[in-house]
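Under this note's numbering, the letters of the sequence shown match residues 1 to 155, in that order. For every residue, glycine included, the Cβ atom is placed at its ideal position computed from N, Cα and C. Every value quoted in this text rests on a predicted model; they were computed, and no experiment measured them. Everything on this sheet refers to the single structure shown next.
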Amino acid sequence: LLNNQNPTPGIDYDFLARSASASVLWTPQSAKRILLQGTYSRSTIRSDTTYIAPQFFERERSLYRDDAHTVDGRMDLVLPRYSGMIPRLSLGGAFFWSSGSRPTQHYQPVGSLAAPITKSVTWVSEWRYHGFGESLYGFEAFRTHLITTGLRVNR
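Here it is as structure tokens:
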């Protein structure tokens, strides 16, 4: 929690920021091949101040408010062993949405695979999608897929 005020006439500054989170990590003892993780966060920002507008040197009020939620989760799976090597698959993603001065949504699913080729070389790939949108500023929205792949070499 951050709460800051400056009531001096002509400044009239008021700022509040607050956040809270909760996380869960589940690794069942009997199922050694799965891990589940989830997080929820809630935050609030409120800012109210005056400033001098450069056009006419008059006082203007700047009021900003943001109430945000973030949810993310991930499932890690250990796939069946082959030739003594263990591939891993991870699926999950995050979702952010806020309301207030600039309502925003950001959706980001992700999937990754690590498949050993030999004892010292692993093929690693990841797919990630970004879906970003603002209801008041639609021209700032974007959607994109990002695919990364490569080899990891261990000595």
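| Secondary structure at GLY73, three-state DSSP: helix, strand or coil? | Translated into the one-based positions of the sequence shown, residue 73 becomes position 73. In this structure, GLY73 counts as strand in the three-state DSSP scheme.
| request: Using only alpha-carbon positions, find the residue among TRP123, SER19, GLY131 that is nearest to MET85. | output: Mapped onto the sequence shown, residue 85 falls at position 85. Of the candidates TRP123, SER19, GLY131, TRP123 places its Cα closest to the Cα of MET85.
| Near ALA115, what residues of its chain come up, given a Cβ to Cβ distance below 6 angstroms and the 5 sequence neighbours on each side ignored? | On the sequence shown, residue 115 is found 115 positions in, with the first residue counted as 1. In chain order, PRO87, TRP123 place their CB closer than 6 angstroms to the CB of ALA115, counting only its own chain and leaving out the 5 sequence neighbours on each side.
| request: May I ask you to list the residues that DSSP assigns as paired with TYR82? | output: Looking up residue 82 in the sequence shown gives position 82. BP columns for TYR82 point to MET85.
| message | Does SER62 pass the burial test, meaning 16 or more other C-beta atoms within 10 Å, or should it be called exposed? | response | The sequence position of residue 62 within the sequence shown is 62, counting from 1. Exposed, since its Cβ has fewer than 16 Cβ neighbours within 10 Å.
| said: Within 10 Å of its beta-carbon, does SER99 have 16 or more other beta-carbons around it, so buried, or fewer, so exposed? | reply: Numbered from 1 along the sequence shown, position 99 holds the residue referred to as residue 99. The residue in question, SER99, is exposed, as its Cβ has fewer than 16 Cβ neighbours within 10 Å.
| request: Throw me the rounded Cβ distance for the GLY131 and TYR107 pair, which I believe falls under 8 angstroms. | output: The residue given as residue 131 occupies position 131 in the sequence shown. The residue given as residue 107 occupies position 107 in the sequence shown. Confirmed, Cβ separation roughly 4 angstroms.
| field | Residues near ASP72 by beta carbon distance below 6 angstroms, same chain, minus five either side | value | Within the sequence shown, the letter at position 72 stands for residue 72. Result list for ASP72: THR39, ALA94, in chain order.
| Cross-strand partners of PRO116 (DSSP beta bridge) | Taking the sequence shown and counting its residues from 1, the one referred to as residue 116 is at position 116. Beta-bridge analysis with DSSP links PRO116 to THR122.
| Reference ARG18; option with closest CA among VAL24, TRP26, LEU1, SER30 | Residue 18 sits at position 18 when you count from the first residue of the sequence shown. Taking only the C-alpha atoms, the option nearest ARG18 is LEU1.
| task | Name the one or two DSSP bridge partners that PRO109 has. | result | In the sequence shown, residue 109 corresponds to position 109, counting from 1. According to DSSP, PRO109 bridges with GLY93.
| message | Once DSSP output is grouped into helix, strand and coil, what is the label at PHE56? | response | In the sequence shown, residue 56 corresponds to position 56, counting from 1. In the structure shown, PHE56 sits in coil (DSSP, three-state: anything other than H, G, I, E or B).
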